[in-house]
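A.B. asks: Line by line, the protein sequences give chains D and R. Take the working numbering: the final residue in the first sequence is number 178, and no numbers are missing along the way. Take the working numbering: the final residue in the second sequence is number 356, and no numbers are missing along the way.
There are 2 protein chains.
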Amino acid sequence: MLVEHGGKGARMADIAKETGISRQALYLHFKSRTDLLVATTLYTGDQLDVEGRLAPSRAATSGVDRLRLYIDFWGNFLPEIYGVGKALMMVQDTDEAAAAAWADRMDAMRDGCRAAIDALLADDNLADGWTRDKAIDAFWTMLLVPNWEALTIDCGWSKTDYIHHMQTIAERTFVRQS
Amino acid sequence: MLVEHGGKGARMADIAKETGISRQALYLHFKSRTDLLVATTLYTGDQLDVEGRLAPSRAATSGVDRLRLYIDFWGNFLPEIYGVGKALMMVQDTDEAAAAAWADRMDAMRDGCRAAIDALLADDNLADGWTRDKAIDAFWTMLLVPNWEALTIDCGWSKTDYIHHMQTIAERTFVRQS
DNA sequence: GTGTCAATTGACACAGTGTCAAGAAAGAAG
DNA sequence: CTTCTTTCTTGACACTGTGTCAATTGACAC
């Protein structure tokens, strides 16, 4: 339902109706709507074999490859978690727990960014003008959901467009050009 | 109030209290909270002399300068409209009119992006791999509020950090490196 | 037959937006 | 000094959606 309606159209009553149980029964299983959304996020992550998908970027032999492959992973992964992620983002402003849960997910994504930048550093291939931390911050920011939203939803980019151009941006930005 | 609380803490009752009139009197002047927020956005824009601030980037003699000066403008301008902008963004999901109003503001920002990319094209200085439209999309996305939020609020970057590094990213990404 | 567990129904509290009706304060005009 | 108009106030209420509570039902186990 979240995927279909872009994060909306999934009130507790809607979910109850769709699953064929009463609204109150939902509260017997999840202590709040946020709790349900978080559980859904985690479940979705499990279903999608994140570890397996991350394998290629982890196996990369150079920093440049790691950067490129991580973007490839993310560009394929993000659309699949977008629905529930969006729902979580939409209640961030009113719900502390939702904000924390989503921040945690984004923090996990940040680990990948850190690994990619560190791989560039190991090759002595990080472009001039970046400290390690600033580069990680910038790369992480580039991959955040609102950018994907703007490019694919507002601007109509395809998944391929997104991945390809993000790779271009990241390489030109972070890889020393010789 | 919006600036102080980062877009929150300004319910109709709060605003009424602060201004010393009744909550209902607010509805005599603004037909809805969104209407008030939009009016505030426009008023703020007027107060800040947008045209004057844009002058330097418009006067740029090269595409590279135009790109750099537009980011400079934006990096100084955005923090001043962030409060009310954030409030508008926060109700986007529930309020169609707010979404439209904010989209309109972002569209105005996009004009500046278009002008900068066109200036690069005029110099035959747009980096390989970009069509005009894709470059405008990408540059516009880079400047969107969530990126500024992530970098300054989440990552603790200063205004100078933001401007400087965004300039670096944009130049490496969009300017042909010779 | 009794206990337990999950579910149901229906009612209600709460926050915040927006609406409505009745009246009050204050100045302008005769 | 009255009368009209405009603006504001007070207080009540509707609506949406989340979350809570109490009483009840149905099913299965022992």
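Ideal Cβ positions, reconstructed from N, Cα and C, are used throughout, including at glycine.
Going by the beta-carbon positions, is the gap between G75 (chain D) and V3 (chain D) smaller than 8 angstroms?
C.D. replies: On the first sequence, residue 75 (chain D) is found 75 positions in, with the first residue counted as 1. On the first sequence, residue 3 (chain D) is found 3 positions in, with the first residue counted as 1. Not closer than 8 angstroms, so no.
A.B. asks: Is there a Cβ of chain R sitting closer than 8 angstroms to that of T168 (chain D), yes or no?
C.D. replies: For the purposes of this step, residue 168 (chain D) is taken as residue 168 along the first sequence, with counting starting at 1. T168 (chain D) counts as touching chain R.
A.B. asks: Would you please state the rounded distance, in angstroms, between the beta carbons of L144 (chain D) and A348 (chain R)? I believe it to be under 8 angstroms.
C.D. replies: Mapped onto the first sequence, residue 144 (chain D) falls at position 144. Mapped onto the second sequence, residue 348 (chain R) falls at position 170. Contact flag wrong, Cβ pair sits at about 17 angstroms.
A.B. asks: Given a cut-off of 8 angstroms, decide if R66 (chain D) and A127 (chain D) are closer than it, judged by their beta-carbon atoms.
C.D. replies: Taking the first residue of the first sequence as position 1, residue 127 (chain D) is located at position 127. Taking the first residue of the first sequence as position 1, residue 66 (chain D) is located at position 66. No. Outside cutoff.
A.B. asks: Among D:D161, D:F139 and D:Y162, whose alpha-carbon lies nearest the alpha-carbon of T173 (chain D)?
C.D. replies: Working through the first sequence from its first residue, we reach residue 173 (chain D) at position 173. The shortest Cα separation from T173 (chain D) among D:D161, D:F139 and D:Y162 belongs to D:F139.
A.B. asks: Count the other CB atoms within 10 Å of the CB of T219 (chain R); is the residue buried (16 or more) or exposed (fewer)?
C.D. replies: Locating residue 219 (chain R) in the second sequence gives position 41, counting from the first residue. Buried.
A.B. asks: Name, please, each residue of chain D whose Cβ falls closer than 7 angstroms to the Cβ of M268 (chain R).
C.D. replies: As a position in the second sequence, residue 268 (chain R) is number 90, starting the count at 1. Those within 7 angstroms of M268 (chain R) in chain D are D93.
A.B. asks: If you run the structure through DSSP and keep just helix, strand and coil, what is T91 (chain D)?
C.D. replies: Position 91 of the first sequence, counted from the first residue, corresponds to residue 91 (chain D). Correcting the residue type first, residue 91 (chain D) is Val in the shown sequence and not Thr. Three-state DSSP puts V91 (chain D) in coil, outside helix and strand.
A.B. asks: For T319 (chain R), which residues in chain D fall below 7 angstroms Cβ to Cβ?
C.D. replies: In the second sequence, residue 319 (chain R) corresponds to position 141, counting from 1. Here the neighbours are N147, A150 and L151.
A.B. asks: Tell me, please, which residues DSSP counts as bridged to L69 (chain D).
C.D. replies: Translated into the one-based positions of the first sequence, residue 69 (chain D) becomes position 69. For L69 (chain D), which the question treats as bridged, DSSP gives no partner whatsoever.
A.B. asks: Given A10 (chain D), which residues of its chain have a CB within under 7 angstroms of its CB, disregarding the five upstream and five downstream residues?
C.D. replies: Within the first sequence, residue 10 (chain D) is the residue found at index 10, counting from 1. Cβ within range, chain order: M1, L2 and A87.
A.B. asks: What separation, rounded to the nearest whole angstrom, lies between the Cα atoms of I295 (chain R) and L232 (chain R)?
C.D. replies: Taking the first residue of the second sequence as 1, we reach residue 295 (chain R) at position 117. Taking the first residue of the second sequence as 1, we reach residue 232 (chain R) at position 54. Going by the C-alpha atoms only, they are around 16 angstroms apart.
A.B. asks: Here's the rule: buried if 16 or more other CB atoms are within 10 angstroms of the residue's CB, otherwise exposed. What is R246 (chain R)?
C.D. replies: Within the second sequence, the letter at position 68 stands for residue 246 (chain R). That one is buried.
A.B. asks: Among the residues of its own chain, which have a CB less than 6 angstroms from the CB of V64 (chain D), if the five just before and after it don't count?
C.D. replies: Locating residue 64 (chain D) in the first sequence gives position 64, where the first residue counts as 1. So the qualifying residues of the chain are V175.
A.B. asks: Run through the region 4-59 of chain D for me and flag every whole alpha helix (DSSP H) of 4 or more residues, listed as ranges in chain order.
C.D. replies: Whole alpha helix (DSSP H) segments, 4+ residues: 12-19, 23-29, 33-47 and 50-58.
A.B. asks: Using a Cβ-Cβ distance under 8 angstroms, would L37 (chain D) count as near chain R?
C.D. replies: Stepping through the first sequence from its first residue, residue 37 (chain D) is reached at position 37. L37 (chain D) does not count as touching chain R.
A.B. asks: Quick check: what's the CA-CA separation for A39 (chain D) versus A101 (chain D)?
C.D. replies: The count along the first sequence starts at 1 and reaches residue 39 (chain D) at position 39. The count along the first sequence starts at 1 and reaches residue 101 (chain D) at position 101. Cα to Cα, A39 (chain D) sits roughly 10 angstroms from A101 (chain D).
A.B. asks: Bridge partners for L126 (chain D) per DSSP, in chain order?
C.D. replies: Working through the first sequence from its first residue, we reach residue 126 (chain D) at position 126. D:V175, per the DSSP bridge assignment.
A.B. asks: Could you compute how far the alpha carbon of K8 (chain D) sits from the alpha carbon of V91 (chain D)?
C.D. replies: The sequence position of residue 8 (chain D) within the first sequence is 8, counting from 1. The sequence position of residue 91 (chain D) within the first sequence is 91, counting from 1. Their Cα atoms are separated by approximately 11 angstroms.
A.B. asks: Kindly say whether Q225 (chain R), judged by its beta-carbon, lies nearer than 8 angstroms to any beta-carbon of chain D.
C.D. replies: One-based indexing of the second sequence puts residue 225 (chain R) at position 47. No, its Cβ sits nowhere closer than 8 angstroms to a Cβ of chain D.
A.B. asks: Does C155 (chain D) have its Cβ less than 8 angstroms from a Cβ in chain R?
C.D. replies: Along the first sequence, one-based indexing puts residue 155 (chain D) at 155. C155 (chain D) counts as touching chain R.
A.B. asks: Note down, in chain order, all residues in the region 116-129 of chain D with a beta-carbon under 8 angstroms from any beta-carbon belonging to chain R.
C.D. replies: From the region 116-129 of chain D, only A127 and G129 have a Cβ closer than 8 angstroms to chain R.
A.B. asks: I'd like to know whether the C-beta of H165 (chain D) is nearer than 8 angstroms to at least one C-beta of chain R.
C.D. replies: As a first step, residue 165 (chain D) is located in the first sequence; it is residue number 165 there, counting from the start. Taking Cβ atoms only, chain R reaches closer than 8 angstroms to H165 (chain D), which makes this a yes.
A.B. asks: With a CB to CB cut of under 6 angstroms and the five nearest residues on each side skipped, what residues in its chain are close to W326 (chain R)?
C.D. replies: For the purposes of this step, residue 326 (chain R) is identified with residue 148 of the second sequence, where counting begins at 1. Same-chain partners within the cutoff: L256.
A.B. asks: Which chain D residues sit within Cβ distance under 9 angstroms of L322 (chain R)?
C.D. replies: Residue mapping note: residue 322 (chain R) aligns to position 144 of the second sequence, counting from 1. Ordered by position in chain D, the residues that pass the 9 angstroms Cβ test against L322 (chain R) are P146, N147 and A150.
A.B. asks: Could you tell me if T346 (chain R) is buried or exposed, where buried requires 16 or more neighbouring beta carbons within 10 angstroms of its beta carbon?
C.D. replies: Stepping through the second sequence from its first residue, residue 346 (chain R) is reached at position 168. So T346 (chain R) counts as buried.
A.B. asks: Where does T168 (chain D) sit, in a helix, a strand or coil, going by DSSP?
C.D. replies: Residue mapping note: residue 168 (chain D) aligns to position 168 of the first sequence, counting from 1. Residue state, collapsed to three classes: helix.
A.B. asks: Could you check where the alpha helix (DSSP H) with L143 (chain D) kicks off and where it finishes?
C.D. replies: Along the first sequence, read from residue 1 onward, the residue named residue 143 (chain D) stands at position 143. Run containing L143 (chain D): R132 to L143, per the alpha helix (DSSP H) assignment.
A.B. asks: Got a sec: is the Cβ-Cβ distance from T61 (chain D) to anything in chain R below 8 angstroms?
C.D. replies: To locate residue 61 (chain D), count along the first sequence from 1; it is residue 61. Cβ-Cβ to chain R under 8 angstroms: no for T61 (chain D).
A.B. asks: Identify the contact partners of K8 (chain D) in chain R, using a Cβ-Cβ distance below 8 angstroms as the criterion.
C.D. replies: Translated into positions along the first sequence, residue 8 (chain D) becomes position 8. Under the 8 angstroms cutoff, chain R gives D271.
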